[in-house]
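What follows is a set of notes on a single structure, which appears directly below.
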Amino acid sequence: MRKKIAAANWKMNLRQEQGEQLLTAILQKNISLKPHQFAIFAVPFPYLPMASEKISGKINYSVAAQNCYHKSAGAFTGEVSAEMLSSLNIPYVVLGHSERREYFGETNAMLAEKVNLTLSNGLQPVFCCGEPLFIREENGQNDYVEKQLREGLFHLDNAQIRKIIIAYEPIWAIGTGKTASAAQAQEMHAHLRSVMAGKYGHEIADDLSVLYGGSVKGSNASEIFSQPDVDGGLVGGASLNAEEFCQIISALP
Ligand code: PEP
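Below, the structure written as structure tokens:
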């Protein structure tokens with residue numbers, strides 16, 4: 086069975102003690118995860134040791150970094166490498182979030198390098214893709230997202246692509262309260278899966294987890310996650326609220 090994942094993206098929010106309280110509140114609910122279900126917390130870099138410590142021993146609870154640099158090491162003041170994350174035993178890293186693409190100029194070519202460094206250091210990328218509103222209004226979303234996958238991932242071989250988690254996040258739905266309908270999410274996820282099948286074959290494509298992101302909340306998670314090609318969510322705003330995020334974890338099929 087495909088992995089079903091509820092991934093929290095805290096972005097640049099919370100003081101460390103607030104993050105710790107949030108994790109405590111979520112873990113206190115003791116939501117037990119089935120072998121195919123995972124809860125992942127993408128926390129700010131400085132909180133990775135704290136978050137790793139908090140979730141240690143909790144089965145299928147993990148932490149993720151929100152980014153890493155596209156070079157392996159060197160004179161890049163202020164940046165964090167995949168190798169550094171690996172040295173902290175961080176299992177996942179979110180790559181290519183639309184905020185990174187938009188505010189920090191991350192290109193598909195840079196993301197392809199980040200993907201390589203992430204994999205070669207033993208981490209699994211959560212590779213984000215998604216179209217802006219004007220592309221959706223022109224009905225160009227399928228080609229737009231396909232290009233992101235082609236340029237960011239298609240250089241990988243079969244063994245490498247199996248390590249990738251894809252997150253489809255339409256930019257017009259991120260932090261806007263405007264969720265894609267379950268049907269819109271399903272339509273794009275099916276398209277992404279067929280693009281991956283075209284390159285890597287159906288067996289690999291059927292095994293890939295494709296998460297939806299964009300204003301997922303406790304109240305809409307079940308409907309979105311029940312779509313056949315949606316394997317959970319990448320969640321921003323609602324992941325900062327313990328009740329909401331617990332509802333989202335509990336909505337994983
Ligand atoms: C995100 O930032 O990945 C996201 C989906 O944010 P939100 O849930 O707040 O729309």
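One gets the numbering used here by counting positions in the sequence shown from 1 and adding 85 to each. C-beta atoms are modelled at their ideal positions from N, C-alpha and C, and glycine is treated no differently.
Determine the DSSP secondary structure at residue i, reduced to helix, strand or coil.
i                 : result
glutamine 151     : coil
alanine 92        : strand
phenylalanine 330 : helix
glutamine 122     : strand
proline 217       : coil
valine 230        : helix
proline 210       : strand
valine 200        : helix
alanine 158       : coil
alanine 336       : coil
leucine 173       : coil
isoleucine 250    : strand
glycine 237       : helix
valine 301        : coil
leucine 180       : strand
Using a Cβ-Cβ cut-off of 6 Å (strictly less than) and excluding sequence neighbours within five positions of residue i, which residues of its own chain qualify?
i          : result
alanine 55 : Outside the modelled stretch of the chain, which goes from 86 to 338, sits residue 55, for which no answer is possible.
Nearest-angstrom Cα distance between residue i and residue j?
i              : j              : result
glutamate 288  : glutamine 101  : 42 Å
threonine 261  : glycine 321    : 11 Å
asparagine 224 : serine 300     : 21 Å
proline 338    : proline 313    : 10 Å
glutamine 113  : glycine 286    : 42 Å
serine 307     : alanine 267    : 10 Å
threonine 162  : cysteine 153   : 13 Å
isoleucine 227 : glycine 303    : Here residue 227 turns out to be asparagine, not isoleucine, going by the sequence shown. Rounded to whole angstroms, asparagine 227 to glycine 303 spans 28 Å at the Cα level.
lysine 88      : serine 147     : 13 Å
glutamate 329  : asparagine 305 : 11 Å
Would you give the residue range spanned by the alpha helix (DSSP H) that residue i belongs to?
i              : result
isoleucine 246 : 243-246
glycine 104    : 101-113
proline 134    : 133-140
alanine 282    : 267-285
isoleucine 309 : 306-310
Residue i: which of the options sits nearest, CA to CA?
i                 : options                        : result
glutamine 151     : Gly142, Glu164, Phe130         : Phe130
phenylalanine 123 : Glu328, Ala327, Asp316         : Asp316
valine 230        : Ala306, Ile175, Glu216, Glu222 : Glu216
methionine 195    : Asn227, Leu218, Ser157         : Ser157
asparagine 206    : Leu234, Ala93, Leu173, Lys284  : Leu173
glutamate 184     : Cys153, Val148, Ile259, Gln245 : Ile259
lysine 199        : Pro176, Gly190, Gly237         : Gly237
alanine 149       : Gly159, Ser137, Lys263, Ala160 : Ser137
valine 128        : Leu118, Leu108, Leu337, Asn115 : Leu108
leucine 118       : Gln106, His274, Gly142, Lys96  : Gly142
proline 255       : Gln245, Glu222, Arg235         : Glu222
lysine 139        : Val165, His276, Ile111         : Ile111
Would you give the residue range spanned by the beta strand (DSSP E) that residue i belongs to?
i              : result
isoleucine 256 : That residue, isoleucine 256, is in no beta strand (DSSP E); it is neither H nor E in DSSP.
leucine 319    : 317-320
Tell me which residues share the same chain as residue i and place their Cβ nearer than 7 Å to its Cβ, disregarding the 5 neighbours each side in the sequence.
i              : result
alanine 290    : Arg278, Met281, Ala282
isoleucine 90  : Phe123, Ile125, Ile250, Ser294, Leu296, Asp316, Gly317
isoleucine 116 : Cys331, Ile334, Ser335
Leaving out five residues on either side along the sequence, give the residues of the same chain with a beta carbon under 8 Å from the beta carbon of residue i.
i             : result
glutamine 209 : Pro176, Tyr177, Val178, Thr203, Lys248, Ile249, Ile250
proline 134   : Leu173
Give a yes or no on whether 9 Å exceeds the smallest Cβ distance from residue i to chain D.
i                 : result
phenylalanine 212 : The structure shown contains no chain D; it holds only a single protein chain.
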